[in-house]
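Peer 1: Next up is a structure, given as structure tokens.
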Amino acid sequence: MKNILILTAVLLLGCIRVSGQEVTFGAKIGGNYAMVTGDNSSDFDPLTAVVVGAMAELKFTETFSFQPEFVFSRQGFKSDAITLKIKYVNIPLIAKYYVIKGFSVEAGPQVGFQTVAIAETPIGPYDARHNIKKFDLGVNAGIGYKLDNGLNFSARYYHGLTNINKYVGEKISNQNAVVQVTVGFFFF
């Protein structure tokens, strides 16, 4: 976790020093509507959870900017037999194109690092970290709106490209899928 924080700080500072462009920093909070898709997932229901994080926006032109983020996110699914809650530290790298003043379309890759995985079953909870891969890679697409005072809103869809299962033997492939809605504020 400490290495992830250091890497993110270095990347953000490196972007600022290299670009020399207008940079603003902020924080965000919102909700996830998370699912797991793929093999044997037809009985899975979405899991709702809170997402919170920090962001920086590097403005290159009036219409184009880059927004790296550092986000704590809970993902997973619910079913009759189990509720799987996976906590991730996600690093979305979002390109933003402002269609009109304040309104943007957003897209970019995301790297996620699993920190905790708890499976809640009728016989009690258990640590499921050994069943879930530590690394998740996927893509984001969405829209955003930013007011002149720094208040901003975002709605995104994330789809994982990597199989999150770490089973030895049986070949089962599942990916994260998350609809995320956040409100944020750029401080400076």
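Reading the sequence shown from the start, the letters are residues 24 to 211 in the numbering used here. We put the CB at the ideal spot given by N, CA and C, even for glycine.
Please tell me whether Ile155 and Ile187 are closer than 8 Å, where the distance is taken between their beta carbons.
Peer 2: yes
Peer 1: Gln153 bridges to which residues according to DSSP?
Peer 2: The residue asked about is misnamed: residue 153 is His in this sequence, not Gln. Beta-bridge annotation (DSSP): His153 is not paired with any residue.
Peer 1: Per DSSP, Val128 is paired with what?
Peer 2: Tyr120, Ile166
Peer 1: Just how far apart, CA to CA, sit Ile141 and Thr71?
Peer 2: 15 Å
Peer 1: Residues in its own chain within less than 6 Å of Tyr168 by CB, not counting five upstream and five downstream?
Peer 2: Gly125, Phe126, Phe176
Peer 1: Helix, strand or coil for Gly173? Go by DSSP, reduced to three states.
Peer 2: coil
Peer 1: May I ask you to verify whether the segment 43–57 touches the segment 71–83, counting CB pairs closer than 8 Å and requiring at least 3?
Peer 2: yes
Peer 1: Do Thr138 and Asp159 have their CB atoms nearer than 8 Å?
Peer 2: 8 Å or more divides the Cβ of Thr138 from the Cβ of Asp159.
Peer 1: Distance check for Tyr181 and Gly135, CA to CA, integer angstroms please.
Peer 2: 11 Å
Peer 1: Can you give me the start and stop residues for the beta strand (DSSP E) that Asn199 sits inside?
Peer 2: 197–209
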